[in-house]
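Participant:
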Amino acid sequence: MNQYFYQTIAQLRNKEEIILYDKLLNFENEDEIILAQFLEDEYEIECQNYPYIAPDFDKNAALWAAKITYTACQILLYRLHREEELPNLLPTFSGEITVSTMLSADLCLRFLPQILQEAKAIDSQDALIPILEEILNLWHFSGIGEEFSGDNNTLGIVFENKCLEQLYIDRIVNRKDTQRAKHPLLEPKINDLLGLYSEIFWNGFNK
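Per our numbering, residue 541 is the first one in the sequence shown, and the count goes up by one each step.
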């Protein structure tokens, strides 16, 4: 077995670059098992540097996100699929969005904004674009830095867990996501983090 799925995601995680080994959108069971263990190991490594207590790893969310990321790259590169096929190729997650699923999915979904920007650069009318935007709007921790149209209920999950809350605030600051930073639920948290040093860590934030 060639393990193309595992190899592609491992390359993305380890070197932040995509190598597609073939025009394949099917996923072998053994390949998924190997990748699931790899992603769990990656999650445990990341958790060592997480603030507070990290939520448990969710294998289903991590694998779903890996498939979404892998498939989006295939669609973007090879252009073999019709517009009406895309929703079936990029299905929504069948489970609930929780703190565990949000952070587990982020192992791969954090790379989706780059794919989205590539799609926009190639063709601003690409049918792939709104699908990726919707995914990043629902899985909004991974979408920090992109336009966000969620409401207070969508953001509520952030404040259910101290670990996710701190990671969320840190990523907003690192990516200088002004739109999210000015959200009424998030702005006080950003101000608390930056304190008197806001102009050092985020020049122009208070203007």
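Just so it is clear, CB atoms sit at the ideal spot from N, CA and C, and this is done for glycine as well. None of the values given here were measured: they were computed from a predicted structure.
Once DSSP output is grouped into helix, strand and coil, what is the label at E509?
Facilitator: With the chain covering only 541 through 747, there is no way to say anything about residue 509.
Participant: Taking only three categories from DSSP, how would you classify I573?
Facilitator: DSSP places I573 in helix when its eight states are reduced to three.
Participant: Give the secondary structure of E686 by DSSP, where H, G and I count as helix, E and B as strand, and everything else as coil.
Facilitator: strand
Participant: Output yes or no for whether 8 angstroms exceeds the beta carbon distance between I549 and I608.
Facilitator: no
Participant: To which residues of the same chain is C613 closer than 8 angstroms at the C-beta, ignoring the five residues directly before and after it?
Facilitator: For C613, same chain residues with a beta-carbon under 8 angstroms away, outside a window of 5 residues either side, are T548, I558, L560 and I655 in chain order.
Participant: Starting from S640 and walking both ways along the alpha helix (DSSP H), at which residues does that stretch end?
Facilitator: V639 to L649
Participant: Whether or not the segment 564-577 and the segment 662-672 are in contact is what I'm after, with contact meaning three or more pairs of Cβ atoms, one per stretch, closer than 8 angstroms; do they touch?
Facilitator: no
Participant: What number of angstroms, rounded off, separates the C-alpha of G696 from the C-alpha of L725?
Facilitator: 9 angstroms
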